[in-house]
Amino acid sequence: MGDDAREPEYPAPTSARNRHETDAPVADSERSTPPQAGPPAMPWAAPAAPQPAGSPWGDTAGQQGGYGQQPAYGQQGGYGQQPAYGQQAPYVHPSAYGQYPPASPAGYGVPPGQPAWSTGAPAGAPTGWAPPPKPGLIPLRPLGFGTLLGAPFQAMRRNPKATFGSALLVQGITIVVSVLVIGGVTWFAVSRITSAAPDDRDAITAGSVLAIILAALIPIAISLIGSVMVQGVVVAEVARATLGEKLRLGQVWRAAAPRLWALVGWTLLASLAALIAVGLVAAVVWLVIAVSTDLIALGIGIGVIGALGLIVLYAWLGTKLAIVPSIIVLERAPVSRAVARSWRLTRGYFWRTFGVLALISIILSVASQVVTTPISLIMGIGGSLIDPTGSVEGAALTTFVVTYILLILVSLVVTAVTSVVTAAAVSLVYIDLRMRTEGLDLELVRFVEARQAGDTSVPDPFPLTPRERRGAADTTVPTGS
1 MGDDAREPEY
11 PAPTSARNRH
21 ETDAPVADSE
31 RSTPPQAGPP
41 AMPWAAPAAP
51 QPAGSPWGDT
61 AGQQGGYGQQ
71 PAYGQQGGYG
81 QQPAYGQQAP
91 YVHPSAYGQY
101 PPASPAGYGV
111 PPGQPAWSTG
121 APAGAPTGWA
131 PPPKPGLIPL
141 RPLGFGTLLG
151 APFQAMRRNP
161 KATFGSALLV
171 QGITIVVSVL
181 VIGGVTWFAV
191 SRITSAAPDD
201 RDAITAGSVL
211 AIILAALIPI
221 AISLIGSVMV
231 QGVVVAEVAR
241 ATLGEKLRLG
251 QVWRAAAPRL
261 WALVGWTLLA
271 SLAALIAVGL
281 VAAVVWLVIA
291 VSTDLIALGI
301 GIGVIGALGL
311 IVLYAWLGTK
321 LAIVPSIIVL
331 ERAPVSRAVA
341 RSWRLTRGYF
351 WRTFGVLALI
361 SIILSVASQV
371 VTTPISLIMG
381 IGGSLIDPTG
391 SVEGAALTTF
401 VVTYILLILV
411 SLVVTAVTSV
421 VTAAAVSLVY
431 IDLRMRTEGL
441 DLELVRFVEA
451 RQAGDTSVPD
461 PFPLTPRERR
471 GAADTTVPTG
481 S
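Okay, so the sequence shown: first residue is 1 according to full-length UniProt numbering, each after it adds one.
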């Protein structure tokens, strides 16, 4: 053939996209540039790997070469053709098959905003940050300070029958028992004093006063046990609310019942330790004053310093051992192991735990004073306001009795709210500490997903297995706050 029919002097293409192309004659006027058009694409073919940079048959500025040509927008490049006779199939990396090639920058001559070539694959959904799951009361991640302050109040609003109802029931029983016991003993003591002979009246009076004091200890013990029961119930409810469950009043009491006596034992032990500490300080002060009346100032100074020391000691031990009730109820741990666990979990998080509990206590104390102070003022001056001249017989006494009953009812409600919110705050601090130190949030997410999928065989995520118990005993908790 003539010069016009000579084949172009270009090396054979190595791209799988151009294996089907055949040689074509090129005119002399067209030898300075690569061919402008390739053969039509196959009816269907998978996308090919992009051309390597710097290929001798690649595109020139503003033009597309025939052998290195990319398929038009929206088309698919063909590959899979058998090489021509006498040609060797180019090597293609195994990863190129079955994968979409990476995006390449648009070349010359491509309109702005349009890709240089398309793979024909559908665009994937954009990925981004997703919030942690929140199946119930709190998100399943380490909690922020604001969440720890707000979630205890949400726990009571979320299930008021199981939380506030339980506290109101226990507080009501405590008040009724207190009135019956103290009132009955007081009435009996006064009756004995009034009916005693003049010679025996002093001895009977002393015995009656002692009986009234001892009777007053019974409501205190009942109130202590009742508060412990409320704490156990609230701990169980908060744990289930974290998983998105909502228990009824009977269910939450049955869940906490097996651990209530362990809670009572821990509370009595802590109360006994506090009484011993106070007794030691009081004994030292009494001994100093008893030695000589000249040491009264020294005794008072020792008493003040001892009281301040007891306050600091109470704040420190109260923070380090704050989550013992939660461990007793949720992990079903004995008292000794619960004390050790609480000590380890709060290591490095003392100030965070102290700040949350102290701020919750301050908020509740201020709210209680705001509610009860007006009623106390009315009780003191109500009679004078209603009957300033005293012309109505019994008006002052009636006003006092009515306002006193109102104060008892309001105090009952305030005490119930305070006990629920405090116990919920301690429970959430426990869950947060385990999320931060032991990755409990992952176990909670796994449990929630399994339950949502209908799998009821997943165990409760809160108790520790024997292996986890050994690992927790050997784990060093970070010292950061």
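Where is the CB? At the ideal position from N, CA and C, for every residue including glycine. Bear in mind the structure is a predicted one, so any value in this text is a computation, not a measurement.
**Asked** Hey, how far is the Cα of F350 from the Cα of A256?
**Response** Here residue 350 refers to the residue found at position 350 of the sequence shown. Here residue 256 refers to the residue found at position 256 of the sequence shown. In this model, F350 and A256 are separated by some 27 angstroms (Cα to Cα).
**Asked** Taking the Cβ atom as the reference point for each residue, do L364 and T418 lie within a distance shorter than 8 angstroms?
**Response** Locating residue 364 in the sequence shown gives position 364, where the first residue counts as 1. Locating residue 418 in the sequence shown gives position 418, where the first residue counts as 1. Yes.
**Item:** Buried versus exposed, by CB contacts within 10 Å (16 or more), R248
**Value:** As a first step, residue 248 is located in the sequence shown; it is residue number 248 there, counting from the start. Per the 10 Å Cβ criterion, exposed.
**Request:** Kindly confirm or deny that the region 415-433 and the region 227-245 touch, where touching means at least three C-beta pairs closer than 8 angstroms.
**Result:** Taking a contact to require three or more Cβ pairs closer than 8 angstroms, the region 415-433 and the region 227-245 qualify as touching.
**Request:** Could you give the DSSP three-state label for T422: helix, strand or coil?
**Result:** Here residue 422 corresponds to residue number 422 of the sequence shown, with the count starting at 1. Helix.
**Request:** Tell me whether S457 sits in a helix, a strand or coil according to DSSP, three-state version.
**Result:** Residue mapping note: residue 457 aligns to position 457 of the sequence shown, counting from 1. Correct three-state label for S457: coil.
**Asked** Should T174 and I212 be called a contact, given that it needs their Cβ atoms to be closer than 8 angstroms?
**Response** For the purposes of this step, residue 174 is identified with residue 174 of the sequence shown, where counting begins at 1. For the purposes of this step, residue 212 is identified with residue 212 of the sequence shown, where counting begins at 1. No, the Cβ-Cβ distance between T174 and I212 is not below 8 angstroms.
**Prompt:** When you compare only the Cα positions, how much space is there between G309 and I327?
**Reply:** For the purposes of this step, residue 309 is taken as the residue at position 309 of the sequence shown. For the purposes of this step, residue 327 is taken as the residue at position 327 of the sequence shown. G309 and I327 have their alpha carbons spaced roughly 28 angstroms apart.
**Message:** Check for me: the alpha helix (DSSP H) holding A292 runs from which residue to which?
**Reply:** For the purposes of this step, residue 292 is identified with residue 292 of the sequence shown, where counting begins at 1. Position check: residue 292 holds Ser in this sequence, whereas Ala was assumed. Run containing S292: none; DSSP gives neither H nor E here.
**Asked** Can you give the beta carbon distance from V426 to P325, rounded, assuming they're within the 8 angstroms contact cut?
**Response** Within the sequence shown, numbered from 1, the residue matching residue 426 stands at position 426. Within the sequence shown, numbered from 1, the residue matching residue 325 stands at position 325. Their Cβ separation, rounded to whole angstroms, is 7 angstroms, which keeps V426 and P325 in contact under 8 angstroms.
**Asked** Looking at V329 and L140, is the spacing between their C-beta atoms short of 8 angstroms?
**Response** Position 140 of the sequence shown, counted from the first residue, corresponds to residue 140. Position 329 of the sequence shown, counted from the first residue, corresponds to residue 329. Contact check for L140 against V329 fails: the beta carbons are separated by 8 angstroms or more.
**Prompt:** Cβ atoms of S342 and G414: under 8 angstroms apart, would you say?
**Reply:** One-based indexing of the sequence shown puts residue 414 at position 414. One-based indexing of the sequence shown puts residue 342 at position 342. Residue 414 is actually Val in this sequence, not Gly. Contact flag unset, no.
**Message:** Quick check on the DSSP output: the alpha helix (DSSP H) that includes L217 runs from which residue to which?
**Reply:** What you label residue 217 is simply residue 217 of the sequence shown in a count that begins at 1. Judged by DSSP secondary structure, L217 falls within the alpha helix (DSSP H) whose first and last residues are 201-242.
**Request:** With a floor of 4 residues, list each alpha helix (DSSP H) that falls wholly inside the region 317-390, ordered by position along the chain.
**Result:** Correct list: 324-330, 335-345, 350-386.
**Item:** CB-CB length for residue 527 against I378, believed under 8 angstroms
**Value:** Residue 527 lies beyond the range of the chain shown here (1 to 481); nothing can be said about it.
**Boundaries (first-last residue) of the alpha helix (DSSP H) holding R158** = In the sequence shown, residue 158 corresponds to position 158, counting from 1. That run of the alpha helix (DSSP H) goes 145-158.
**Prompt:** Roughly how many whole angstroms lie between the Cα atoms of G318 and K134?
**Reply:** Locating residue 318 in the sequence shown gives position 318, where the first residue counts as 1. Locating residue 134 in the sequence shown gives position 134, where the first residue counts as 1. Their backbone Cα atoms lie some 30 angstroms apart in a straight line.
**Asked** Hey, quick one: how far does the alpha helix (DSSP H) through R192 stretch, first residue to last?
**Response** Residue 192 sits at position 192 when you count from the first residue of the sequence shown. Following the DSSP letters along the chain, one finds R192 inside the alpha helix (DSSP H) bounded by residues 164-195.
**Asked** Hey, out of T293, I296, V304, whose CA is closest to V278's CA?
**Response** Residue 278 sits at position 278 when you count from the first residue of the sequence shown. Here the closest residue by C-alpha is V304.
**Request:** Taking only the alpha-carbon atoms, compute the straight-line gap between L433 and L464 and give it to the nearest angstrom.
**Result:** Sequence index remark: in the sequence shown, residue 433 carries index 433 (1-based). Sequence index remark: in the sequence shown, residue 464 carries index 464 (1-based). When rounded, the separation of the alpha-carbon atoms in L433 and L464 is 15 angstroms.
**Asked** Going by other Cβ atoms of all chains shown within 10 Å of its Cβ, with 16 needed for buried, is F258 buried or exposed?
**Response** Locating residue 258 in the sequence shown gives position 258, counting from the first residue. Position check: residue 258 holds Pro in this sequence, whereas Phe was assumed. Exposed, by the Cβ-count rule.
**Item:** Host alpha helix (DSSP H) of F447 (start-end)
**Value:** Within the sequence shown, the letter at position 447 stands for residue 447. Unbroken alpha helix (DSSP H) run through F447: 440-452.
**Item:** Best match in A270, S223, L143, G146 for proximity to V176 [C-alpha to C-alpha]
**Value:** Locating residue 176 in the sequence shown gives position 176, where the first residue counts as 1. Nearest to V176 by C-alpha distance, out of A270, S223, L143, G146, is S223.
**Asked** So the alpha helix (DSSP H) R259 belongs to, where does it begin and stop?
**Response** Locating residue 259 in the sequence shown gives position 259, where the first residue counts as 1. For R259, no alpha helix (DSSP H) run applies, since DSSP gives it neither H nor E.
**Message:** For L321 and V264, I'd like the C-alpha separation in whole angstroms.
**Reply:** By one-based count along the sequence shown, residue 321 stands at place 321. By one-based count along the sequence shown, residue 264 stands at place 264. Roughly 15 angstroms separates the two Cα atoms.
**Own chain, CB closer than 7 angstroms to I302, minus 5 neighbours either side, in chain order** = As a first step, residue 302 must be located in the sequence shown, where it is residue number 302. Excluding positions up to five away in sequence, the list reads V284, V285, V288.
**Item:** Environment of Q452 [buried if 16+ CB atoms lie within 10 Å]
**Value:** For the purposes of this step, residue 452 is taken as residue 452 along the sequence shown, with counting starting at 1. Exposed.
**Asked** Measuring CB to CB, does A338 end up less than 8 angstroms from V238?
**Response** Here residue 338 is taken as the residue at index 338 of the sequence shown, counted from 1. Here residue 238 is taken as the residue at index 238 of the sequence shown, counted from 1. Contact flag unset, no.
**Message:** Using the Cβ count rule (16 or more neighbours within 10 Å means buried), how would you classify Y314?
**Reply:** For the purposes of this step, residue 314 is taken as the residue at position 314 of the sequence shown. Its Cβ having fewer than 16 others within 10 Å, Y314 is exposed.
**Prompt:** Looking only at its own chain, which residues have a Cβ that is under 7 angstroms from the Cβ of T242, when we skip the five neighbours before and after it?
**Reply:** The sequence position of residue 242 within the sequence shown is 242, counting from 1. For T242, the CB contacts under 7 angstroms within the same chain, skipping 5 residues up- and downstream, are G136, L137, I138, I431, L444 in chain order.
**Prompt:** A203: buried (16+ other C-beta within 10 angstroms of its C-beta) or exposed?
**Reply:** As a position in the sequence shown, residue 203 is number 203, starting the count at 1. By the Cβ-count criterion, A203 is exposed, with fewer than 16 other Cβ atoms from all chains shown falling within 10 Å of its own Cβ.
**Item:** A416 and A167 closer than 8 angstroms at C-beta
**Value:** Mapped onto the sequence shown, residue 416 falls at position 416. Mapped onto the sequence shown, residue 167 falls at position 167. The answer is yes: Cβ separation under 8 angstroms.
**Prompt:** In whole angstroms, what is the alpha-carbon distance linking I193 and G183?
**Reply:** Numbered from its first residue, the sequence shown carries residue 193 at position 193. Numbered from its first residue, the sequence shown carries residue 183 at position 183. Each residue's Cα considered, the two are about 15 angstroms apart.
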